[in-house]
Amino acid sequence: MSFGNLTIFPALVLYGLFYLASTDLSNWRRWLAQTWVGWGLFALGGASVWLIYQAAFGNSFWDVFLTAMQAHYNLGRTYWVWVLLNPYDFLTFLGVPVAMLFVTEGWRAWKRALSSRGRDVPLGSILTLTITGAMLVLNISGVARGEVGRMWLLWMPMACLIGATNLRGTTGQSLYRLALPLMAVQALLFTLFWRVSATGMPAYRPHRPDTERPPISQPVEGRFGEDIALLGFDLESDQVAPGDTLHLTLHWRALDRPDVAYTVFTHLLDADGQLQGQQDSMPMRGTLLTTCWVPGEYVSDPYDIAVAADAPPGQYWLEVGLYWLRTGERLPVSGPDAILPDRILLGPVEVVEDSP
């Protein structure tokens, strides 16, 4: 079941309810007894794709859904702006002539259904009530944010059919009288535009790999796995006081494009090997994942390590490495400076007593 089919789901529910209302609500038990197998197969078929996907990749339906919704909800507009913008966007894409017919027919169908309390719903109005009802639910619920003119394209053919039913009994001459002013409104609308405002999403800047080796104050030779090399590091200062921040820059080189987005760990260790400061982050403060590195590219990667306020004075070392966040598995290290199997020690760094 894709997200497109998920959008159709409220329409299917509404269609079933309106169909029952148009026949006889007292027969719903018999109807359910006749159709429950089909509904069960429908639910099983819809869930099977996601269950297979979760078994293969470890990502559930809710993981994907919440990630997608987070992108929608982070758009910098308020709820009521979307409630007004969504129908405007959809009806503009549909076209003013068809949109006017669609809205008018929807108004008539809902007026008749509400006035009869659902007891007098003609079969010909079920499609109208279903589509308009599903769009209202999606809009008012707040889940539809963004380009609904594109995302709701699946409703366009049905909206045209609903608009066409509004022309029942219309003669050719009266049809022309109706179409001409609506086409004029459409032409006028195409000359207008809404002012584009910022949505709060960061602007896209294409990544340009740096192919020139940067100056490195303290060279290191270490290779992580098969794809990443650590060339060295820079320290803003090799002395730091407890509670201050140690500014470190790691210089990487991509030997090949990694298949995994690795996380870098930087640990500040005292003479007893106790952790006194740490920063774990994907490279470039999370903006340049290792899966985006280009073979031969140099990456100067900054870190700000907060030193513990109660760190004792003495000589410290930095241990640096990479791991896969999902499993915690570290990349093996090889090379002249690879004393330990899964990390490289950098330094030393002197932690001095804070002057009074």
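Numbers -4 to 351, taken from our numbering, label the letters of the sequence shown in order. Yeah, the Cβ is synthetic: ideal placement off N, Cα and C, and Gly gets one too. Quantities reported herein were computed from a predicted structural model and do not represent experimental measurements.
Under DSSP, the beta-bridge partners assigned to Pro214 are Gly227. The segment 244 to 258 makes contact with the segment 272 to 286, as at least three CB pairs between them are under 8 Å. From the listed residues Ile339, Pro290 and Leu124, the smallest Cα separation to Leu263 is found for Ile339. Listed in chain order, the beta strand (DSSP E) elements of length 3 or more contained wholly in the segment 243 to 276 are 258 to 264 and 270 to 276.
Bounds of any beta strand (DSSP E) do not take in Gly101; it lies within the alpha helix (DSSP H) bounded by Val91 to Ser110. The beta carbon of Gly291 lies closer than 7 Å to those of Thr206 and Ala249 in the same chain, with the five residues before and after it left out.
Looking at Asp349, Thr240, Leu317 and Pro210, the one whose alpha-carbon comes closest to that of Ala256 is Leu317. Taking C-beta atoms as the reference points, Asp299 and Gln274 count as a pair closer than 9 Å. Burial is judged here by how many other beta carbons sit within 10 angstroms of a residue's own beta carbon; Leu241 has at least 16 and is buried. Collapsing the DSSP output to three states places Gly342 in a strand. DSSP places Ser43 within a helical segment (H, G or I) once states are collapsed to three.
The way I'd put it, the segment 210 to 227 doesn't touch the segment 296 to 313; fewer than three beta-carbon pairs between them come closer than 8 Å. DSSP places Gly281 in the uninterrupted alpha helix (DSSP H) bounded by Pro278 to Gly281.
The three-state secondary structure of Asp84, taken from DSSP, is helix.
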